[in-house]
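Scroll down for the structure; my scribbles are underneath it.
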Amino acid sequence: MKEYILNLLEKNKRIDNRKLDEFRKIEIQKDFIQRAEGSARVKFGSTDVIVGVKLEISEPFPDTPDSGILRTDAEFTPIASEDFFPGPPNENAIELARIVDRGIRESETIDLEKLCLEKGEKVWGVCIDIRIINHDGNLIDASALAALIALTTTKIPKIKDDEIIREEYSGKLPLKHKPITISIGKIGGKFIIDPCLQEENLLDSILTVSVREDGKICAMQKRKNSLKVEEINKIIDLAVNKSKELRKLI
Amino acid sequence: MKEYILNLLEKNKRIDNRKLDEFRKIEIQKDFIQRAEGSARVKFGSTDVIVGVKLEISEPFPDTPDSGILRTDAEFTPIASEDFFPGPPNENAIELARIVDRGIRESETIDLEKLCLEKGEKVWGVCIDIRIINHDGNLIDASALAALIALTTTKIPKIKDDEIIREEYSGKLPLKHKPITISIGKIGGKFIIDPCLQEENLLDSILTVSVREDGKICAMQKRKNSLKVEEINKIIDLAVNKSKELRKLI
Amino acid sequence: MKEYILNLLEKNKRIDNRKLDEFRKIEIQKDFIQRAEGSARVKFGSTDVIVGVKLEISEPFPDTPDSGILRTDAEFTPIASEDFFPGPPNENAIELARIVDRGIRESETIDLEKLCLEKGEKVWGVCIDIRIINHDGNLIDASALAALIALTTTKIPKIKDDEIIREEYSGKLPLKHKPITISIGKIGGKFIIDPCLQEENLLDSILTVSVREDGKICAMQKRKNSLKVEEINKIIDLAVNKSKELRKLI
Amino acid sequence: MMKTDEKLIINGKRLDGRKPMDIREIEMKVGVIPNANGSAYVRFGKTTAFAAVYGPRELIPKHLQEPDKAILRCYYNMAPFSVSDRKRPGPDRRAVEISKVTKLAIEPALFLEEFPETTIDVYIDIIQADGSTRVTGINAASLALADAGIPMRDLIVALSGGKIDDTLIIDLCGKEDNYSEADIPIAFLPNTKEITLLQMDGRITPQEVKDTIRNILKAGEQVYKKQKEALKNRYK
Amino acid sequence: MMKTDEKLIINGKRLDGRKPMDIREIEMKVGVIPNANGSAYVRFGKTTAFAAVYGPRELIPKHLQEPDKAILRCYYNMAPFSVSDRKRPGPDRRAVEISKVTKLAIEPALFLEEFPETTIDVYIDIIQADGSTRVTGINAASLALADAGIPMRDLIVALSGGKIDDTLIIDLCGKEDNYSEADIPIAFLPNTKEITLLQMDGRITPQEVKDTIRNILKAGEQVYKKQKEALKNRYK
Amino acid sequence: MMKTDEKLIINGKRLDGRKPMDIREIEMKVGVIPNANGSAYVRFGKTTAFAAVYGPRELIPKHLQEPDKAILRCYYNMAPFSVSDRKRPGPDRRAVEISKVTKLAIEPALFLEEFPETTIDVYIDIIQADGSTRVTGINAASLALADAGIPMRDLIVALSGGKIDDTLIIDLCGKEDNYSEADIPIAFLPNTKEITLLQMDGRITPQEVKDTIRNILKAGEQVYKKQKEALKNRYK
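Chains G, S, C, Y, V and A, in that order, are what the protein sequence lines are. Going by my numbering, the first residue of the first sequence is number 375, and it counts up by one from there. Going by my numbering, the first residue of the second sequence is number 375, and it counts up by one from there. Going by my numbering, the first residue of the third sequence is number 375, and it counts up by one from there. Going by my numbering, the first residue of the fourth sequence is number 55, and it counts up by one from there. Going by my numbering, the first residue of the fifth sequence is number 55, and it counts up by one from there. Going by my numbering, the first residue of the sixth sequence is number 55, and it counts up by one from there.
Structure below.
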C-alpha cells in the first residue's frame, strides 16, 4: 500500500483520486447539539468531529480581570479508532486541543472583553470541547474548522439571580476574527493538503498553519521530522492560499 | 463444592443449615465509633461492615438551596478479602455505595430540608462511609442495614462561630423513613436470601430491592445475568415480606 | 566494592579518605533562583540539591487563624539518578519532604505568627520546594541545610490591592530558630556521618536527628533496620556535637 | 429526585405532547463510524448516543485474557456538552456504575465462549442527554454489536419507565426524570423476555413496579422493530 | 504542634485521669477477620486499629518478585470517620510515610528469606483515632503476623512517649499529641531490645529523649504481656 | 498574549538594553550531573535549564521496546519556584505538549536505529523561567546528548524569535513573551539547516514569519558556537 500511495503521488495523484491540493468532501452540520450553547459537526471525508461550546460563569484571571476565559479540550473517544482507548487525554489529544486553542486565542476570534459580567469577579468562560467520532486523518484541520463554526453558532444564555437560564439566550457570542487552520504535508517532493490517515502515516513532515481573514498568521506547529526553510516558506504561502477556499464554508 | 451446594439447594437446604429464606445470624453494634456523629457495625454471619456518619458544613446544590446534602462512599479495604487491594474504589465498591445511597435518598430517609443552616450558603452535609471489614457475601444488604442504623444513632453537632464543636450535640439527625434493602438470589429454580460468598458465586441472578416501611419500593438493582418477569415479581413480593423481619432489628 | 568499603571502615577509613565523622566538601550558593523569594543550592560532595522558597497568599488553618502556613515538597527529578523516574513523589521523596518539614516546623524556625495578613482570612504561605539535582547519598541532610539557608535568604514580597508584587520586597522572612539535621549511619560497629551513596547502601542502620541551636532535639527518624538504646544514645550525642560544625556554615 | 409544583401531565398529555405510553421520536442508524467493527447512532427525542464495537480482538496484557471465553468490556461516557452545565471529561462514579450494568445488560445476548482469549470492547458515547441515556446507549450498543457481525442470541431492547403526576409512563425525558416519582430503566431480550437490565429508584408500590415492567416489555416491541429496520437499512 | 493555655496535667493526673507512666485501657483480639491469614483488633483507649495479613502469597506481576526473599508490603489507612473532620478516603502523604516506617518497624522481626518470590501484605486500618495511631497499628500488625503463623524472631511492641506540661509521659492521647512538647513513637523487639521504629518531633533535650526511650522500653513490657495474652486467648 | 501600554522598545533598545537581534548572556556547562550519562546546564539571561540523558538503556516493560531502534523519551519539567506564582509540581498540559515537540526537535539528530530495544531518556528541568524555556531546554538536551557520547548528525540549536512594538526580535525574555505580537521558537540542525522545531503564536504577516525564521537561523550560529565551546571546555 505504501509503495502504491507513493507511486501515485509521484504522478500527482492520490488514492482517493483527489488532486494534491484538494480537500476531501467536507460536510458541515450546525447546531447539532441543542444542549450546547453552540455546536458543529464537521466531516472531512470519513474524518468526523463534533465540537460543542458551553458557557459557564467563571472567575477571571487576576491579570485580565475584565476578560472572558477560553478553554479548549479534546477527547479522542475510543469509538473513533481501534487505537484510541479510555483514559485521560494523551499527548496527541492535548496537542490537538492546544493547537486549536492557540488558533482561536491568538487570532482574537472571540471578543473576550465583551464577556465580563462583574469586573474581577465574574466573566463568561467559553469551553470548547472537541470530540473525535471517526479518525481518518487531518484531525486538527477538521477540529479547528468545527470549533470555529461552533463558535459562530454560539449564543449567550440569559442570567437570572446569578444563575444561568439554560436554553434561553440574550444574544450571540461576539466574534472579532475567523482563523482557518490548514495542515500541509510533505511527502517525497510533494506537498499535499488534508491527508487521509493512510497518507498521514507516510508523511515526511507536516506543518499546521492558522491564517486569519486579514492574511495574518496566528499559529503554526511543525508536527513531524524536519523541514527546510524554503519548504516552510512554500507551505506558508500554500496555507494562506488554501485558507481562502475553506473560509468560504463558514 | 459447587455440586454439593447445588444438591443441597435442590432439597431446600443450605451449607450452613439455613432455610432458603433465612438470614444468617445478624449482630448489630451501635455507636461503635465515638468520633463519628453516628455509627454502626453489622455482621451477617461472618460478613462484617462498619458504617460511620460524619456531618460537615457544606454548600448546598444550586437547585436545592435549603436542603442538606447526602453523600455515600464505600471502601473495600484490603483487610476484608484476599481479592481486595489498595487503590481507589473499583466498580463494585462504587456500585455498592450508589445502591445504598439510592435506598436512603429515594426513600427520603433523612429529612434534608431540616438540615439548612443558611439558605443557599450553608447546609449540613451527611457523609456516610461504608467500610467492609470481612467479606462473606451479601455486602449490600449488610451495608444498607448498617447505614440505616448508623443514621438512627446520628447526632447533630453544635456550631459556634461558624465552626463545628465536635462531640457536643444539639439534637438527633431528623429521619422521615426507614428503608430496608434485601437482595434475593436465584439459583436453579430456588430463591434464597442473604447468600454467603460461596453461594453468591453460584447464583444465576440476583435482584436487590429496597422497601420502605409503608411498603413502597424505593430502589432496585439486578446485579447478574437475567431474570424473567414472573421471577422479578416473585422476588419483589418476597423482598417486601422479608423486609419486615429485618426492620424489627432497627 | 562492598568488602573494600567495609574493610576500610574497620580501619576507620572511608573510600574518599574522609574520617568517620567528617563531612564531604560542602558548597553553598545562595540566591540561586532570582524568581524565588529565597533559594539555595547545597552540595555535599557530588550530592546536589536546590531549594526554592515561594511565598503565596493563603487561607490559614481554622485552628490557627493568625498563623502563616508552611508547606514542604520534594521532587526526586529524574535528572538526578538513573533510579528516579517521572511521576508523582514516591515514598522516599515524601519521607524526605516530611522529615525536612518537621525539622523546620518543630524547631519553630519560622515565626509564623508574624505572617498573618488578615486574621482568619489571609496569611502568608511559605512553600519550600526541594529539588534533587544529583543523588550521591545523604539527601536529607543536604536538603535540610539547603532549606534552612534558603529560608535565611527569603524576602517577603510587597502587596498592593491584594495582589503580590513579585520581585519587590517589604522585608525579610522572620526566623526564630535554626535547626541542623544530621544523619548518622551505623555500619559494623562504626558510626559515620554524611554517607555517600555507596556507603548508604551498606549501612546497618541510620538515624536522622535535627538539633536546634539551643541543643534541643526537634526531630528524629530511624530509617533502616534496628538500633539498640545505647547506639541511639551515642548517635544523639554525636549529632548534637556535629550540628555545631554544620551550623557555622549558615 | 427533586420536587416541583409544575404539573408534568396536563389533560393526559406530557410536557412534549406525548401520551403516557408514547415513546419519543426514535432515530437509529447503523454503520456510522467507519473505523469500528460495528457502530450505531441512536436518538430518542434529544437524547443521542453513538456506540462502537471493536473486537473480538486480542486482549493485552495477556494475563487479563480468559482461556475459554471473550472478555466483554463496556464504557459509557458523556460528552462535556451533552448536559446543561458542562460536565468534566472522564468517567465519574455514575458512569462507572452505568458501564457495569450495561455490560450485564449486554452479556446474556452474546456467545462469549466462541472467542476465547479476546476482548470485545463496546464504547458508548452520549453526545446529548435528555433523560434515559443509559437505555439509549444500550440500544445503540445492541445495534453496533449486530453491525459488527458478532453472533447474538437476540438484539437487546432497552426502554425506561416511571411515574409522574400519579401516572405510569414510559421513555422519560430529562425533566420527567428529574421530577419523577420513579425511574425504571430496563433492557431485555425480546424473544425470551429475559430481563437483563433492571434498576429502579423512586417511591412507588410493588404493583406499580410490576405494571411498569409489563408496560416496557410491551412498548419495547416498537423499539425492537426500529432496531431491525435500522439493520435492514444498513444493507439497502 | 499547637499551643494551649489549658493545663494538661493537674495534680499529677492527665486529662483522662492517668498518671504520667500509665497506659490507657488496652483491648487486643486476634483472628477477628476470618478471610485473612492472620488478623487482629487493637484498641488503646479510643484509638482503634484492625490489621490483616495476607500471605505469604504469589507476587504479581512477577518482575516485582525477589528471588531470594519475600517482599513485605505495609499499608496504613484511616477510615474517613476516624477523625473529627471527615478525612477523604485514600492515602495522604502522612499515610505514605507511616506505611513506610511501619514496614521498617516490622521487617526486622521476620524471616523473609524463608519465602522467596512471595509477598506478605500487612494492612492496617485505623477506624478511630485518638492519638498514637501508628503504634496501635504496629501492635495490631504484630498480632496479625503471629496469628498468620508467619515465623517471627519476636513480637513487635509499640508505644508512644512524649512530654506535656514539663512532664515525660507515655501513650499520648489525641489532645496530648496536639499540644505536646514532644511525641516519640517507638517500636521494639522485647527480647533483644532492638528498636525498629523511632520517630520524634517536638522540642526537648537530648536527655529527655533518652529518658523517654527508656520509659517506653520499660512500659512496653505491659503491651508485650497483653499481646501474648491475646494470642493465648485465640486458642482457648 | 496580553496587551500593555508600556513600550517594550525605546530608542531601539529592549527593556534589558539589548538591540533587536541581540541574544541574552549565554552560559553553558556540560557534565554537571555526575550520575547522568550526559548532562548540561544552560542559561539564557535568567532562564535556566538542566538536562540529563540516561541511556541508551534497557526499556522495561519489554512490550514497549522497538526491535529495530531505540525509543526516545523526552520530559520537560518546571520547578515550582521557577515562575512568579508557584507552580504545582508535575506536568501540566503545556508541559506534555512541550515534551512532545522537544522529542520531535531532537529525534532527527539521532541514529536511533543503532540502539535497538533500548530507550534514550532525555530529562529537561527548568529551574528558572524568564521566557524561551523550551528552546533553552532543547539547547541543554543537545549538549547532554553529546556529553553522553550518543552519536549525532549534528548538535541541535534552538532559539526563539518574535515581534514586539512593530520590531522583529530574537531570544524573547518573559516580559517580551507576555506582550509580544508573535513568539516563534525554532530548533534546527546547523549543518543542514533542517528545522526540527517550529511553533508560532501571535498575529503577524507571512513575510514576518519568514524573516523571523531567517533571523533565527543566522543568530543561531552564535548559539552553535557556544555549544561547541562548552563541549570543548568539558575536556580541558
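Where is the CB? At the ideal position from N, CA and C, for every residue including glycine. These numbers come from a predicted model, not from an experiment.
Leaving out five residues before and five after residue i in sequence, what residues of the same chain have Cβ atoms less than 6 Å from its Cβ?
i	result
ARG445 of chain S	CYS501
LYS608 of chain G	none
GLU449 of chain G	ARG505
ALA518 of chain S	VAL474, GLY477 and THR555
Alpha helix (DSSP H) containing residue i: first to last residue?
i	result
ASP475 of chain C	465 to 480
ALA521 of chain G	513 to 526
GLY461 of chain G	Segment: none, GLY461 of chain G is in no alpha helix (DSSP H) and carries neither H nor E.
ARG505 of chain S	Counting along the chain, ARG505 of chain S falls outside any alpha helix (DSSP H), though it belongs to the beta strand (DSSP E) covering 496 to 508.
LYS387 of chain G	Where LYS387 of chain G is concerned, there is no enclosing alpha helix (DSSP H), given that its DSSP letter is neither H nor E.
Taking the alpha-carbon positions, what's the residue i to residue j distance?
i	j	result
PRO439 of chain G	ALA593 of chain C	45 Å
ILE624 of chain S	ILE523 of chain S	6 Å
SER600 of chain S	GLU167 of chain A	55 Å
MET55 of chain A	ILE443 of chain G	At MET55 of chain A the pLDDT is 49, less than 50, meaning the model places this residue with poor confidence; the figure from the coordinates comes in the next sentence. Cα-Cα distance, rounded: 13 Å.
VAL425 of chain C	GLU411 of chain C	11 Å
GLU492 of chain S	GLU537 of chain S	14 Å
ASN508 of chain S	SER455 of chain C	43 Å
GLU465 of chain G	ILE504 of chain G	15 Å
ILE192 of chain V	PRO531 of chain C	45 Å
GLN345 of chain S	LEU470 of chain S	Missing from the structure shown is residue 345 of chain S; chain S here goes from 375 to 624 and no further.
ASP422 of chain C	ASP179 of chain V	38 Å
ASP447 of chain C	LEU380 of chain G	54 Å
ASN269 of chain V	ILE224 of chain V	8 Å
SER544 of chain G	ASP437 of chain S	22 Å
VAL263 of chain Y	LYS272 of chain Y	14 Å
VAL583 of chain C	ILE610 of chain C	7 Å
Kindly list the residues whose CB is nearer than 8 Å to the CB of residue i, restricted to its own chain and excluding five residues on each side of it in sequence; keep chain order.
i	result
ILE267 of chain V	GLY215, ILE238, ILE240, ILE249 and LEU252
GLU79 of chain Y	ARG97, PHE98 and GLY99
LYS376 of chain G	LEU576
Quick one: residues in its chain with C-beta nearer than 7 Å to the C-beta of residue i, no 5 flanking neighbours on either side, listed in chain order?
i	result
THR221 of chain V	ILE63 and PRO74
TYR108 of chain V	ALA90, ASN91 and ASP175
GLY185 of chain Y	THR101, LEU226, CYS227, GLY228, GLU230 and ASP231
LYS67 of chain A	LYS73
Where do the ends of the beta strand (DSSP E) carrying residue i lie?
i	result
SER432 of chain G	421 to 432
Does the distance between the C-beta of residue i and the nearest non-hydrogen atom of the ligand GDP fall short of 7 Å?
i	result
CYS128 of chain A	Absence of the ligand GDP is noted for the structure shown, with no ligands found whatsoever.
Which complete alpha helix (DSSP H) runs does the region 112 to 176 of chain Y hold, if anything under 4 residues is left out?
147 to 160
In chain order, what residues of the region 443 to 457 of chain S put their CB closer than 8 Å to some CB of chain V?
ASP447, GLU449, THR451, PRO452, ILE453, ALA454, SER455 and GLU456
Short-range partners of chain Y found in the region 587 to 613 of chain S, where Cβ spacing is below 8 Å:
GLY589, LYS590, ILE591, CYS592, ALA593, MET594, GLN595, LYS596, ARG597, LYS598, ASN599, SER600, LEU601, LYS602, VAL603, ILE606, ASN607, ILE610 and ASP611
Name the residues in the region 118 to 136 of chain V whose C-beta lies less than 8 Å from a C-beta of chain S; which are they?
If the cut-off is 8 Å between Cβ atoms, the region 118 to 136 of chain V has TYR129, ASN131, ALA133, PRO134, PHE135 and SER136 near chain S.
Which ranges would you report for the alpha helix (DSSP H) in the region 549 to 601 of chain S if only whole runs of at least 4 residues count?
571 to 574
Pull out every residue of the region 454 to 479 of chain C whose Cβ sits closer than 7 Å to any Cβ of chain V, in chain order.
GLU465, ILE468, GLU469, ARG472 and ARG476
Tell me which residues of the region 539 to 551 of chain C have at least one Cβ-Cβ distance to chain A shorter than 9 Å, keeping chain order.
ARG540 and GLU541
Inside the region 64 to 112 of chain Y only - alpha helix (DSSP H) runs reaching at least 4 residues
none
Which runs of the beta strand (DSSP E), 3 residues or longer, sit entirely within the region 200 to 229 of chain V?
211 to 218 and 221 to 224
Relative to chain G, which residues along the region 149 to 172 of chain A have a C-beta separation below 8 Å, given in chain order?
VAL150, GLU151, SER153, LYS154, VAL155, LEU158, GLU161 and PRO162
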